[in-house]
Amino acid sequence: MLVYNSRLIGTPILSIQASSPIGRIDSIIVDPDNLKIVAFRLSGPTISKGSNSLLDIKSIREYSDLGMIIDSTDELIADDDVVKISKILALNFDLIDLKVETKKGSKLGKVSAFTVDSNDFTVKQIIVKRPPLKAFIDPELTISCREIVEITDYKIIVKDEEKVLKRRAEKEDFIPNFVNPFRGQNLAQIEADKEEKEAN
3 MLVYNSRLIG
13 TPILSIQASS
23 PIGRIDSIIV
33 DPDNLKIVAF
43 RLSGPTISKG
53 SNSLLDIKSI
63 REYSDLGMII
73 DSTDELIADD
83 DVVKISKILA
93 LNFDLIDLKV
103 ETKKGSKLGK
113 VSAFTVDSND
123 FTVKQIIVKR
133 PPLKAFIDPE
143 LTISCREIVE
153 ITDYKIIVKD
163 EEKVLKRRAE
173 KEDFIPNFVN
183 PFRGQNLAQI
193 EADKEEKEAN
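Residues 3 to 202, numbered by the numbering used here, are exactly what the sequence shown covers, in order.
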């Protein structure tokens, strides 16, 4: 199931041991190399800042509408407990507000949101808010992460704009496979009126 990053923020973390929520997701930590969530920063009355406030996604037993279930607060870690997570935190990487450009240098806009596969917590799509001049035609673009060529500290580079827009149009293009009976009657009536006028 795909979920927006905004839906993950505020998700309660439920402890089996405590039989109650121990905190909520405050922010999302994404690995820029593979666009996979590696951890969540938590906040709550039982979680003090600067201590064990990170939840490694490996510790999540289940994710549902109720929240994320873990065994206990012992699953929470500090910023420097896991080397990989520590290195990603040092990068201070955030998808939101990153500029998005094509390989040819065409500016598409900035990332305003992204969707995540709730099964493996991998980012699947980025939602790009268009610049003012292009927003009249397309206020936002949904770009699959398969279109991403490169990610730097300041921007995301995707394949050519024409290809991105074409694939989006193909997905959104919908031709109904049914006959509208009301439209048929209207056309028949119009044809009859036209023949009557021509006869007179």
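Just so you know, even glycine gets a beta-carbon here, dropped at the ideal spot from N, CA and C.
Asked	Found
Candidates Lys112, Tyr65 and Leu93: closest to Pro134 by CA position	Lys112
Bounding residues of the beta strand (DSSP E) (the contiguous stretch that carries Ser8)	Careful: Ser8 lies outside any beta strand (DSSP E), inside the alpha helix (DSSP H) at Asn7 to Leu10.
Outcome for Ser53 when other beta-carbon atoms lying within 10 angstroms are tallied against a minimum of 16	exposed
For Ser17, the nearest candidate out of Tyr65, Phe123, Arg9 and Gly107 (CA to CA)	Tyr65
Endpoints, alpha helix (DSSP H) assigned at Ile90	Val85 to Leu93
Identity of the residues DSSP links to Phe42 by a beta bridge	Ile30 and Leu57
Cβ-Cβ separation, Val102 to Ile158 (assumed contact under 8 Å), whole Å	5 Å
Buried versus exposed call for Met3 [16 or more other C-beta atoms within 10 Å across all chains shown]	exposed
Element boundaries [beta strand (DSSP E), containing Gln127]	Thr124 to Lys131
Whether Ser114 touches Ile98 by CB criterion (9 Å)	yes
Sub-9 Å separation of Leu91 and Met70 beta-carbons	no
Buried/exposed call for Arg63, threshold 16 Cβ in 10 Å	exposed
C-alpha gap between Ile39 and Phe95, whole angstroms	12 Å
Proximity of Val160 and Ile145 at Cβ, strictly below 9 Å	yes
As assigned by DSSP and simplified to three states, the class of Thr117	strand
Same chain, Cβ closer than 7 Å to Asp33, five either side skipped, listed in chain order	Val40 and Ile90
Arg148 versus Leu37 - alpha carbon distance	11 Å
Supposed close pair Ile49, Ile27 - CB separation, criterion 8 Å	Actually they do not touch by this definition, with Cβ atoms about 11 Å apart.
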